[in-house]
Amino acid sequence: MYKPTLKINTRKLKENTQAAIKDLNKFGVSMMAVNKVFNGAPETAQAVVDAGINVIAESRVYNLAKMQHIDCLKCLLRSPVLSEIEDVIRYSDLSLNSEETVIRALAAEAQKQGCQHGVLLMIDLGDLREGVWFENYDDILQLIKLIQSLDNIYLYGIGSNFNCYGTVLPTVTNGDTLVSIKERLEVDLGQPIPLTSAGNCTSYHLMDKGTWPAGLDHLRMGGLQEFGIEYVDMKYLDDYHHSHKDVGLACSDMYILSAEIIEVNAKPTVPVGELGVDAFLNPKEFEDKGIRKRALLAFGLQDVPFDGCHPVDDKISLLGQTSDHTLIDIEDSEQQLQVGDCVEFELDYTALLMACQTTGIKYQFTQE
Ligand SMILES: *Cc1c(COP(=O)(O)O)cnc(C)c1O
Numbered sequence: 440m441y442k443p444t445l446k447i448n449t450r451k452l453k454e455n456t457q458a459a460i461k462d463l464n465k466f467g468v469s470m471m472a473v474n475k476v477f478n479g480a481p482e483t484a485q486a487v488v489d490a491g492i493n494v495i496a497e498s499r500v501y502n503l504a505k506m507q508h509i510d511c512l513k514c515l516l517r518s519p520v521l522s523e524i525e526d527v528i529r530y531s532d533l534s535l536n537s538e539e540t541v542i543r544a545l546a547a548e549a550q551k552q553g554c555q556h557g558v559l560l561m562i563d564l565g566d567l568r569e570g571v572w573f574e575n576y577d578d579i580l581q582l583i584k585l586i587q588s589l590d591n592i593y594l595y596g597i598g599s600n601f602n603c604y605g606t607v608l609p610t611v612t613n614g615d616t617l618v619s620i621k622e623r624l625e626v627d628l629g630q631p632i633p634l635t636s637a638g639n640c641t642s643y644h645l646m647d648k649g650t651w652p653a654g655l656d657h658l659r660m661g662g663l664q665e666f667g668i669e670y671v672d673m674k675y676l677d678d679y680h681h682s683h684k685d686v687g688l689a690c691s692d693m694y695i696l697s698a699e700i701i702e703v704n705a706k707p708t709v710p711v712g713e714l715g716v717d718a719f720l721n722p723k724e725f726e727d728k729g730i731r732k733r734a735l736l737a738f739g740l741q742d743v744p745f746d747g748c749h750p751v752d753d754k755i756s757l758l759g760q761t762s763d764h765t766l767i768d769i770e771d772s773e774q775q776l777q778v779g780d781c782v783e784f785e786l787d788y789t790a791l792l793m794a795c796q797t798t799g800i801k802y803q804f805t806q807e
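The sequence shown begins at 440 in my numbering and counts up by one.
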């Protein structure tokens, strides 16, 4: 039965990962590869492992369960849910943590299962998502002492995150703050902190600008290798595969959604009749461009939101979407598009995330 296709290029993903490893290496920084946008696809996890990665991170335990056959450490990126600790220990080797109760539960369960579990202790430097607040130094110190005192659990490192809830940028200032917390901990503990995980792919801009704070030696990277984009200044990076479209939309030709046309016709550009709200209860305005040729595609908002999709054919523009349909303007396209033809889109991060979640799309992994 018909489903639109999402083509994922694992060769380009592997090559981008090799480029990222090399770039970070120049600053003495290692990385774990975040696979969460692909909803636990083992194919993409394998591609980054083939590039030389030895830790894969996912935000859901059920996704780590899908990649047990892959030879690498598995890290749970979203702090563990207390009610799923048994599975956290079973399917992950490491997890990001900030709650004493959860850390104690992890230790008890690891003991039960007879294994060791690594804790990356999160410190919130201002973005206001997970982590112990950076000004509460004593709480950070006490949690580390607790981790060191418990059996079957060890400190993998300390970490922080940016640009997620609070839009806070990774800067030299907050990077230096993390380094000074690390150095103070090392003095108080009388031993080195194994690793300082400074953030996600948005931290890369400090390397690009040559201002990377010395002392930060780890990143958790997804978007960099997945899109070849430096996200703070929003620019495509030369040594990476990425889109060739400069449309102010961070999409990539590594992810191509292809959907079939189910209707082609010429209609007015302004609806006829008294206007109310659309399928999602939003009022809308329409610009009158006369009668134009358009097509209906067999995918909708329940599959992928259209504002993260960019037509590969630049002469096609997006008109809108309902749950099950996407409407495009094909008046200027040089292709003679007909019912049954497919139209291709490059996807941005959000569209890729949603496309990988839905059961309404079929995946194809290519090495083209
Ligand atoms: C998603 C996530 C990352 C990776 O983010 P990218 O922007 O894809 O690099 C890193 N750390 C945490 C805690 C995350 O949730």
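Even glycine gets a Cβ: it sits at the ideal position worked out from N, Cα and C.
The structure presented is a predicted model; accordingly, all values stated were derived computationally and were not measured.
Option nearest residue i by Cα separation, candidates the options
{"i": "residue 666", "options": "465, 792, 503 and 464", "result": "792"}
{"i": "residue 465", "options": "646, 660 and 624", "result": "646"}
{"i": "residue 787", "options": "772, 748 and 762", "result": "748"}
{"i": "residue 760", "options": "772, 741 and 498", "result": "741"}
{"i": "residue 703", "options": "608, 775, 754 and 609", "result": "775"}
{"i": "residue 692", "options": "764, 642, 806 and 560", "result": "806"}
{"i": "residue 689", "options": "620, 672 and 678", "result": "672"}
{"i": "residue 628", "options": "475, 454 and 580", "result": "580"}
{"i": "residue 640", "options": "449, 446, 460 and 448", "result": "460"}
{"i": "residue 706", "options": "507, 717, 729 and 719", "result": "729"}
Cβ separation of residue i and residue j, assumed to be a contact under 8 Å, to the nearest whole Å
{"i": "residue 514", "j": "residue 533", "result": "4 Å"}
{"i": "residue 700", "j": "residue 735", "result": "7 Å"}
{"i": "residue 511", "j": "residue 528", "result": "The pair is not a contact, with the Cβ atoms about 17 Å apart (cut-off 8 Å)."}
{"i": "residue 668", "j": "residue 784", "result": "In fact, because the Cβ distance is near 17 Å, the residues do not count as touching under 8 Å."}
{"i": "residue 662", "j": "residue 670", "result": "6 Å"}
Strand pairing of residue i, partner residues [DSSP]
{"i": "residue 562", "result": "571"}
{"i": "residue 446", "result": "695 and 803"}
{"i": "residue 514", "result": "496 and 533"}
{"i": "residue 667", "result": "According to DSSP, which records beta bridges pairwise, residue 667 is partnered with nothing at all."}
{"i": "residue 782", "result": "698"}
{"i": "residue 767", "result": "734 and 757"}
{"i": "residue 549", "result": "Answer by DSSP bridge pairing: none, since residue 549 is not bridged."}
Proximal residues to residue i (C-beta, below 7 Å), its chain only, five neighbours per side dropped
{"i": "residue 485", "result": "509"}
{"i": "residue 557", "result": "532, 533, 593 and 595"}
{"i": "residue 737", "result": "441, 443, 698, 699 and 701"}
As assigned by DSSP and simplified to three states, the class of residue i
{"i": "residue 477", "result": "helix"}
{"i": "residue 660", "result": "strand"}
{"i": "residue 756", "result": "strand"}
{"i": "residue 471", "result": "strand"}
{"i": "residue 746", "result": "helix"}
{"i": "residue 501", "result": "helix"}
{"i": "residue 643", "result": "helix"}
{"i": "residue 597", "result": "strand"}
{"i": "residue 607", "result": "coil"}
Own chain, CB closer than 8 Å to residue i, minus 5 neighbours either side, in chain order
{"i": "residue 714", "result": "722 and 723"}
{"i": "residue 541", "result": "518, 519, 521 and 524"}
{"i": "residue 621", "result": "597, 632, 635 and 654"}
{"i": "residue 492", "result": "456, 460, 470, 471, 472 and 511"}
Other residues of its chain near residue i: CB distance less than 6 Å, five sequence neighbours each side excluded
{"i": "residue 755", "result": "767, 769 and 772"}
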